[in-house]
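**Q**
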Amino acid sequence: MEDNNEYEQERLKIIAENEKLLTSLGLNGFSSNAPSSRASSSTPASKRKAPANGKHEPTKKKAKIVAPPPARLSMRLRGQQAKTEEDVQAIEEFNANLEKENQRNRYLAKKIRKPVMELGEMVDEEEDEKDVNKIKDLQTVFHDLSLKDFPRPSGMNRDYDDLEPASAAAQAADLSLRQLYGKVRYIDEVKATAGRSYSLIVHPEKTKCLVISGDKRGQLGIWDADANVQGVADEDEEDSPTNNVWRVQAHQASAISCLRWNPVNSQTLYTASYDCSLRRFDLATATSTEVYSTPDVDALFNQFDLTPDGNQVWLSDSDGGMNHLDMREGKHIRRRYVIAESPSAAGKKVGGFSINPVEPWLVCSAHNDRNMRIWDLRHIDKVKMQPFEFEEGPKPAEGIEPPHDSETYPTQNCEWDAISEYEAKKPKARILRARAPHGLSCSAAFWDMSGKRILTTSYDDRIRVWDANPSKFVDNSPTRNLTEVWQARHDTQVGRWVTVFKAQWSPYADIAPHIMVGNMKRRLTILSGLTGSVIGDFSYNTITAVPAVHAMHPNRPGTVLGANASGKVMRFAVVEDE
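Under full-length UniProt numbering, the residues of the sequence shown are numbered 1 to 578, in order.
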């Protein structure tokens, strides 16, 4: 409370100084004519329905949101000219004060997401009985799922591991896939999130299709697709969800870039965001907990993966980092390794990351410098580390402390030079094991379920599969280039308004491997994982935007979902002919 009082006093002081400057410039009427923020879209009182019992739930206080600062306008846009040097200095001082106010607001806004949040704090609820009941409905959905046993695959089918693309067995496998996906039809779609979708995942429970989408504003859209919908969205609110869709503000207003279930506990969902935080969402308790973060605003979290035992998280960021969190080490040790060889800012980004599901000491990463790399983690803990320094982050405005929560920051840091020096001294303990060059930036890389092949997506309009059998890396041979199994041409020029394409493997252990990827023709495309040939294309006349983000139900083969820039999620599933 004391910090807020100090801030309020400082804010009022700045406002008074600004008004004094405007008056001295003859612009004292400008502030009153400044555009006001858009009126809230709350439902008019005449449209609210009274509850049947005539009683209302107690009004809940909402978190106070800091208003955006006034827009910075030049003298030219205001129809004025700086006639003297004093006028120029006054304008510069005015703009500096606005920037200072803006910086304060940014830090205050970041404080909205607490380290631990309950469901009621995350749901954007209107203050009426309908939304209170919706929260209870969502809690019921989570509770029912928490009582289910974790569904596990019956076993890996090894018949497809070493098939050549031109073999008769590979062609027969493609035929079986075409028979399966030939029965897939459009089912339905909903607007799951208010903003553009960046990530999508489906809960593995066989008896339910619970879809979760992460959007550009830090919001999770939760869609219970199999539920019987008793109502529809408000006709006056285009963005309002239906009764089987909930929206949860899991992160600060930044894109949720990746979603992953704990591989041994489907009650735990991990979410990574461009707000530089990794959170753990527990369905059983309906709480979200921050487990890892970084103060560096350039280290946006892109892709992460968990080891098969669910104990470790490896996470890539936009500043060339590979972050490591071991849940068994508690809050005392968190590591960050710089694995970007390129010194340029453009080449540093590590956009994709995946752990080998069979040999978790092997990981692969996708880089902006046109390479996919394979790393050997057996020796990386022997590289010399340095204490992580976060004083180099963005400096707060005077009088305002940054919202540092060092309990989730990295504790140790390792630069690329240290990794290079270690490899030079220990040639039989290689960490960088292989490279796979691409024509342009490599945006994604994923191991298949057998742990023998890697799928990559690149801006050179190619989808590739590489031979990355772990047997190649048992010995400590020098860094090598990988062998390409096949490549398929696919338009990946998404532009500014479409989420980057990231082709992904199917999650099924008992059928032929295949791949799903978005399509610029507003389709979802299925490719054979063995040959690269097209298995199926799925679209519908109501789909008016590219479904760039996609997912498959882990235990319902043929159930595929896509999400687009409008926040809509569409579902396709197997429909047996009558």
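Cβ atoms here follow ideal geometry from the backbone N, Cα and C, with glycine treated the same way.
What you are looking at is a predicted structure, and each value in this text was computed from that prediction instead of being measured.
1) Exposed or buried, what is residue 489 when buried is set at 16 or more other beta-carbons lying within 10 Å of its beta-carbon?
2) What is the DSSP secondary structure of residue 458, reduced to helix, strand or coil?
3) If we call anything under 8 Å between Cβ atoms a contact, is residue 145 one with residue 205?
4) Can residue 553 and residue 559 be called in contact, C-beta distance under 8 Å?
5) What residues match up with residue 484 in a beta bridge as DSSP calls it?
6) Please name the residue or residues paired with residue 323 in a DSSP beta bridge.
7) At what residues does the alpha helix (DSSP H) containing residue 422 begin and finish?
8) Which runs of the beta strand (DSSP E) fall wholly inside the stretch 177 to 201 and span at least 3 residues, in chain order?
9) Taking 6 Å as the limit between beta carbons, can you name the residues of its chain near residue 536, skipping five residues before and five after?
10) What does residue 117 pair with, by DSSP beta-bridge criteria?
11) Check for me: the beta strand (DSSP E) holding residue 310 runs from which residue to which?
12) Among the candidates 494, 470, 425, whose CA atom is the shortest distance from the CA of residue 457?
13) Using the Cα positions of residue 267 and residue 252, report the straight-line distance between them to the nearest angstrom.
14) Provide the residue(s) that pair with residue 361 in DSSP beta bridges, ordered along the chain.
15) What span of residues does the beta strand (DSSP E) with residue 429 cover, start to end?
16) Would you identify the three-state DSSP class for residue 270, choosing helix, strand or coil?
17) From residue 38 to residue 226, what distance separates their C-alpha atoms?
18) Assuming residue 467 and residue 482 make a contact with CB atoms under 8 Å, what is their CB distance in whole Å?
19) Which of the three DSSP states, helix, strand or coil, is assigned to residue 372?
20) Taking buried to mean at least 16 other C-beta atoms within 10 Å of its own C-beta, is residue 491 buried or exposed?
21) At which residue ranges does the stretch 519 to 562 contain complete beta strand (DSSP E) runs of 3 or more residues, listed in the order of the chain?
22) Any idea if residue 345 is buried or exposed, counting beta-carbon neighbours within 10 angstroms, 16 or more meaning buried?
23) Indicate whether residue 292 and residue 323 have their beta-carbon atoms separated by less than 8 Å.
24) With DSSP run on the structure shown, which of helix, strand or coil describes residue 300?
25) On a CA-only basis, which of 353, 143, 382, 208 is nearest residue 374? Give me that one, please.
26) Going by C-alpha distance, which of 426, 425, 460, 450 is nearest residue 440?
27) What I want to know is whether the C-beta of residue 275 ends up closer than 7 Å to one or more non-hydrogen atoms of the ligand PLP.
28) CA-CA distance, residue 326 and residue 355?
29) Could you give the distance in angstroms between the alpha-carbon of residue 285 and the alpha-carbon of residue 143?
30) Could you tell me whether the Cβ atoms of residue 319 and residue 298 are closer together than 8 Å?
31) Out of curiosity, what's the CA-to-CA distance linking residue 301 and residue 170?
32) Do the stretch 499 to 517 and the stretch 424 to 444 make contact, defined as three or more Cβ pairs closer than 8 Å?
33) Have a look at 173, 222, 433, 88 and flag the residue whose alpha-carbon is nearest the alpha-carbon of residue 139.
34) Classify residue 262 as helix, strand or coil using the three-state DSSP reduction.
**A** In terms of the structure at hand:
1) exposed
2) The three-state secondary structure of residue 458, taken from DSSP, is strand.
3) yes
4) yes
5) 466
6) 315, 336
7) 416 to 425
8) Counting only runs of 3 or more, we get 184 to 191.
9) 181, 526
10) The secondary-structure analysis by DSSP pairs residue 117 across a beta bridge with 288.
11) Looking at the DSSP string, residue 310 is not in any beta strand (DSSP E), and its letter there is neither H nor E.
12) 494
13) 23 Å
14) Paired residue(s): none; residue 361 is not in a bridge.
15) Note, residue 429: premise wrong, no beta strand (DSSP E); not H, not E.
16) strand
17) Bear in mind that a pLDDT of 40 at residue 38, under 50, signals an unreliable position, so the number given afterwards is only what the model happens to contain. Residue 38 and residue 226 have their alpha carbons spaced roughly 36 Å apart.
18) With a Cβ gap of about 6 Å, residue 467 and residue 482 count as contacting.
19) Correct three-state label for residue 372: strand.
20) The residue in question, residue 491, is exposed, as its Cβ has fewer than 16 Cβ neighbours within 10 Å.
21) 523 to 528, 534 to 538, 549 to 552
22) Answer is exposed; the Cβ neighbour count stays below 16.
23) yes
24) coil
25) 353
26) 460
27) Because no ligand of any kind appears in the structure shown, any question about the ligand PLP cannot be addressed here.
28) 14 Å
29) Their backbone Cα atoms lie some 8 Å apart in a straight line.
30) yes
31) 37 Å
32) Enough Cβ pairs lie closer than 8 Å, so yes.
33) 222
34) Strand, per DSSP.
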